[in-house]
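Residue numbers (our numbering), protein chains in the order written: chain S, 1 to 156; chain B, 1 to 791; chain E, 1 to 287.
Structure first, commentary second.
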Amino acid sequence: MIETVPILVTVNGTRHVLDVEPRMHAADLLRGMLGLTGTHVGCEQGVCGMCTILLDGTAVKGCLLLAPQLDGCEVETVEGLATGEELAPLQRAFKEAHALQCGFCTPGFLMAATALERSGRRLTREEIREELSGVLCRCTGYEGIVRAVERRLTGG
Amino acid sequence: MADTLPHVAGAPVGVGTPVTRKEDDRLLRGDGRFTDDVRPADALHMAVGRCPFPHARIAHLDTSAAERLDGVRHILVGADVVAATSVISPLRPTPGTPDLPYYALAPEVCVYEGHAFVSVAATSRHIAEDAIDLVEVEWEPLPHVTDTLAALAPEATVLHPAQLDSNLLSTNPMGPGADAELAAADVIVEDVFRVNRVTGLPMEPRAVVAEWRPGARRLTVHCATQVPHLVRMQLAETLHLDEGEVRVIASDVGGGYGLKLGAYPEDVLACLHSMRLVRPVKWAEDRQEHFRATTHARESVHRFRIAATQTGRILAITDTYAADLGGQYSSFGPAQLSSYTYPGPYRVTAGHVERQVVVTNKTPIGAYRGYGQPEVNFARERLMDRLAREVGIDPLEVRLMNLLTPEELPFTNLSGAIYDSGDYPRCLRMAADAVDYSGHRVRGTVRPDGRRTGIGFSSFIERTGYPSAKFLADRRSRYGTHESLTLRANRTGGIDLFTGVSTMGQGSETTIAQVCAQVHGVDFARITVHAGDTGASPLNTGGFSSRTMIAAAGAVRIAASELRAKTLRIAAYRLAVDPEDLTIDGQVVRLRDDPACAISLAEVHEAAIFGRGIPDEEDPGLEATAHYEPPAAAFAFGSAAAVVTVDPETGDFDVDRFVFVHDSGTVVNPLIVEGQVRGALAQGFGAALGEELRYDRDTGQLVSGSMLDYFAPTAADLPEWELLHTEVASPVTPFGVRGVGETGTIPPAAAIANAICDALSDMNLDITSLPITPESVWRAIAAASAGEGMS
Amino acid sequence: MKPAPFEYVKAVSVADAVALLTEHRGDARLLAGGQSLVPMLNMRLLRPSVVIDVNGLADALGEIALQGDAVAVGALVRYAEIERSSLVAERVPLLRHVVAYIGDRQVRNRGTVGGAVAHADPTGEIALVTLALGAIMRAEGPDGVRDIHAEAFFLGPYTTALAPDEMLTHVIFPPAAPAFRFFERGRKHNDFAVLSLAVVGRPEPDGTWRDIRIALGGVHDRPVLAAAAARALEGRRWDDALVRDAALLALEDCDPPDDFRASAEYRRHLVPVHVRRMLSALAGGHE
């Protein structure tokens, strides 16, 4: 039997007491144990950024975080962004700027951009492109994503 | 287009409206339903063992230790697959070829690194991978060949000796020939162009969830595919089931780009495990597998030639090319459209093309956005610049002189493709004006800091949609070309739209509904799209070949007209007016001249569904299914201009500007068209400047097969593109639309290469292979300097 | 792509981590930021039986502090903290400058200075800076604490002077020459460097340069100092000819690798070009 590790983790405001296998990564935990399938898995090498989540408010790659490391942490995922029926302003900006096509990368970009938005920094387009370069998109050519984030960061 | 504003809520939506997408809300909330998000209770997880060598015989295979591992439920090896299945049939076989044995697991010999030879179903993916580690294999490595041309050499190891006596799978010559023109030409420019092996790299790897219910004899397969109906056909054939026993569902697909076409071996394996275990079985491809098990693309070597007069007029074009198949079939095989579009947008009346399909010890090649057209565009547009240099005329002028004019269209090219309409020279002029080409010619290429600036052009056409089912049937294809679609009124006043086109990012739920709203009159918001389920949608072909908008627009137009007519008849009966005087306006049917005289769509729908309160001669129900076959392909077209700065000492270069002028006919949704163009450009840039699946010549190993080593562009790697477009309606398609999803992949490589060569025009260098990297530019400079020294 | 099984242990102190390393000698791995370790676990390229999580030791190892006139950076300090540190910006500006070139935002939020140094990637930016600035690596093992000079620390690709039961605790940056230039070229944004280099020096009032250090990354089996080039420039006034000749000497201290990112031949071409350009930029006070 593989030893499990007990953890207490808060995800989108809900506390969960779980026994996790050490070799499970955070993205698999969210998807497989909590049914939060909005966080996607794209490479498990820390390159593509599909699994980007907020760990205590900081954008990190879920595939590079072992499940036991979540003990005592607050995790935010894409499922926590909207308030009921109401999309968050960033989500609305993505929609209006056609910042998504297949939508597989969208949760990763939304979480990376949420952290950016909360930082209160005002950034140039070039800086936005740099800040978002840890999430890959293969559909949009990035322009819609950069526009959406630019609008949010300039109060649009 | 950059400033297109989204549509305002409440205003009518139809063809041409920049409405935001129906798909977006669920995807933005993390509520998309990708295949790996389907989580049936008690599902088992599959992992696949893959050959680490480019070519090897399985001398001995022992799965007993793996079977003993706690949590392992079932193991399949090649012999099990051969006993239980037929070969997987390719959707688009290469014409004139023998059948290669294409099983889900290699029975005896693996012909590429990553070729599957064993699969395990276990209680978790982790345990399934542990079991793969425990499979004992004794490999007998065999001589391998990975280089496309080397595979054709007489001494090369023959990969499929039982079926072939060399690695040349087929040759397909076409065209009228050009002997007289070649003999008469003042100038012939020719070279060998090597196009890199790349992959589409959807962010969602492939995935499948199979569930077999023996009592019901029902196999339900969730599959990340562009073509659910075709996968159903293939699985039924391979697994010896009736088609009625197989249901394939592809709800949200995380990008396809041609890679997710048809059944893959893992789809068959998940079904076999499930049928044996009577449990749902899931396989989610990991990225290391993806680089080996999902199709690669593009790799080809073109011997291209343009013959012309001293005045720059093209007399003939020829192309003989070797297209790499890899070690085995895929559903689509190597691209075929090089043979149809090699003459490009030019007035060419003599020439020929020959495609040679070559077997090598590499991952199978399949379809990918562009499908042969970026490859041949690179070769041709590079040579157009060489021709200009040879005859001493500006490259822009040489192109303008040879481009077909609007008056010459429709034009049948050397391969029989009919270019329907458009103004090709206008697009090129727009590109040249946008980059101030005449000013550049005056200013010259040398900059104060020692770097050089150059401008390059690339003109293109793209075949979009289908020519005809007959065309495909002649080429042994296993499917038709028609599109079918069902509309069904519901009692809350909306319309359910059922389509077999799965949702993979192209916005088809939105654009098909836009056409439906325009033709029928119902509110766009009240159309609910059900996509990608063979159990719900009428038979169709699926989403690829830039066909969806063309084919689905035709089908939905017919179905929506039919539904509208019946709706108006029933409403007229209930309002006691003439149907001719009625119209559908969002949520109501009303008199055209008196909006107060109206009845709600919900009431009409309910009457029809219940069969009460409708004319005696009407059947109950309110539903329409339509089938549509596009009569011809529509050719998209355009030109690109790149402005590039080069550092001659290091080969480093920057694309400072890139102007893309294109025509995709009538625009159904400007937001989506722009998104499609930008997405294709990103892939065009990636393939031109960085992406490369390289195999080590000595070891035959894939050396760039991981996300770390495959240089797909990030947001910080791409320049700001400038998009311009013309909108010439195609006469051969519904509403005049042309396909739009692939054009951006076609011109970037040649435009950038031409700009670099222009910047260094005094060095007379040449770029003939992709990708274009600082090192390759540096090498081209060195080669040109060496040539200079010798002459 | 799931890891082979391992046991997970949280270290409660540096001594505890060292004791665990000693207990599982050679078969345990320290987990800090995880940005290099976890991909290798996922790919089963590493199969340790124990993973020792040291992320709980931030009190001891998570500080950036002045020690005399040196700046001590705890091994658990994350790149993002370097980006935000005014002490680093003021005292070790090259480190601050170079951190922006590392990975992407998520990687910088999580990856640690100690992890980067101990991982010893031949293209690693932090390792390059430790060489360029003559940093000291402080390690703790069963026999206590020892300091290892950067020049003696990197032994080969992914190989350091750390013993299997030693843990890196701090990277100490002594005061260094004030002027620097940094250059990096990769195949794409965020990718491993095809070539990276840092030049550091002190302009003297008489127009000469002192304390020259030239560090190269991506062009050897480990980050290296171009010692011969630095010697040629030390204590002299620079002109174009001297800079060009010195830049060529940089090739004496490296043996560039041949891989699919770039050929050895191309890297050999680039080394003197970019060393020359960076030296000229340093001397000219421009990029």
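Even glycine gets a Cβ: it sits at the ideal position worked out from N, Cα and C.
Because the structure is a prediction, the values reported are computed rather than measured.
- Not a single C-beta of chain E is nearer than 9 Å to the C-beta of residue 125 of chain S.
- Residue pairing by DSSP places residue 322 of chain B opposite B:301, B:356 in a beta bridge.
- Looking at the DSSP output, residue 497 of chain B sits in a beta bridge with B:487, B:529.
- Contact between the segment 297-313 of chain B and the segment 384-403 of chain B is established, with three or more Cβ pairs separated by less than 8 Å.
- Unbroken beta strand (DSSP E) stretches of 3 residues or longer found wholly inside the segment 252-297 of chain B: 281-284, given in chain order.
- Take residue 93 of chain B, set aside five residues on each side of it, and the residues of its chain with a beta-carbon closer than 6 Å to its own are 476, in chain order.
- 9 Å or more divides the Cβ of residue 128 of chain B from the Cβ of residue 116 of chain B.
- In this chain, the alpha helix (DSSP H) harbouring residue 143 of chain S covers 143-153.
- Not flagged as an interface residue toward chain E: residue 653 of chain B, since no C-beta distance is shorter than 9 Å.
- For the segment 123-149 of chain E, the set of positions with a beta-carbon nearer than 7 Å to some beta-carbon of chain B is empty.
- Look at residue 712 of chain B: its C-beta is under 9 Å from a C-beta on chain S.
- Taking the CA atoms as reference points, residue 247 of chain B sits about 23 Å from residue 76 of chain B.
- At a cut-off of 9 Å between beta-carbon atoms, residue 7 of chain E makes contact with chain S.
- Within the segment 188-199 of chain E, the residues whose Cβ lies closer than 9 Å to some Cβ of chain B are 188, 189, 190, 191, 192, 194, listed in chain order.
- Using beta-carbon distances, residue 640 of chain B does not count as an interface residue toward chain S, since no partner is under 9 Å.
- Residue 167 of chain E carries a strand assignment under DSSP once its states are collapsed to helix, strand and coil.
- Every unbroken stretch of the beta strand (DSSP E) spanning 3 or more residues and falling wholly within the segment 514-563 of chain B is given here in chain order: 527-531.
- Per the coordinates, the alpha-carbon of residue 322 of chain B lies some 44 Å from the alpha-carbon of residue 72 of chain B.
- DSSP places residue 174 of chain B within a strand segment (E or B) once states are collapsed to three.
- Shown here for residue 534 of chain B: same chain residues with a beta carbon closer than 8 Å to its own, the five before and five after excluded, namely 228, 229, 232, 246, 247, 248, 249, 500 in chain order.
- In the three-state scheme derived from DSSP, where H, G and I count as helix and E and B as strand, residue 368 of chain B is classed as coil.
- If only uninterrupted beta strand (DSSP E) runs of at least 3 residues are considered, those enclosed by the segment 96-154 of chain B are 116-122, 136-141.
- With contacts defined as CB atoms closer than 9 Å, residue 283 of chain B and residue 47 of chain B qualify as a contacting pair.
- Taking a 10 Å sphere around the C-beta of residue 278 of chain B, we find fewer than 16 other C-beta atoms and assign the residue as exposed.
- Contact between residue 184 of chain B and residue 91 of chain B is absent: CB atoms are separated by about 43 Å, not below the 8 Å threshold.
- Contact between the segment 16-36 of chain E and the segment 97-117 of chain E is established, with three or more Cβ pairs separated by less than 8 Å.
- Taking all protein chains shown into account, residue 153 of chain E has 16 or more neighbouring C-beta atoms within 10 Å of its C-beta and is therefore buried.
- The beta carbon of residue 460 of chain B does not come within 9 Å of any beta carbon belonging to chain S, so the residue lies off that interface.
- Look at residue 64 of chain S: its C-beta is under 9 Å from a C-beta on chain E.
- A straight-line Cα-Cα distance of about 11 Å links residue 697 of chain B and residue 148 of chain B.
- Ranked by Cα distance from residue 180 of chain E, the options E:219, E:19, E:40, E:214 are led by E:214.
- Ranking B:403, B:628, B:660 by CA distance to the CA of residue 480 of chain B puts B:628 first.
- Runs of alpha helix (DSSP H) with 4 or more residues, each lying fully within the segment 77-124 of chain S, are found at 89-96, 106-119, listed in chain order.
- An exposed status is given to residue 60 of chain B, since fewer than 16 other beta-carbon atoms sit within 10 Å of its beta-carbon.
- Taking a C-beta distance under 9 Å as the contact criterion, residue 172 of chain E and residue 147 of chain E qualify as a contact pair.
- Proximity of the segment 117-124 of chain E to the segment 192-206 of chain E meets the contact definition, three or more beta-carbon pairs being nearer than 8 Å.
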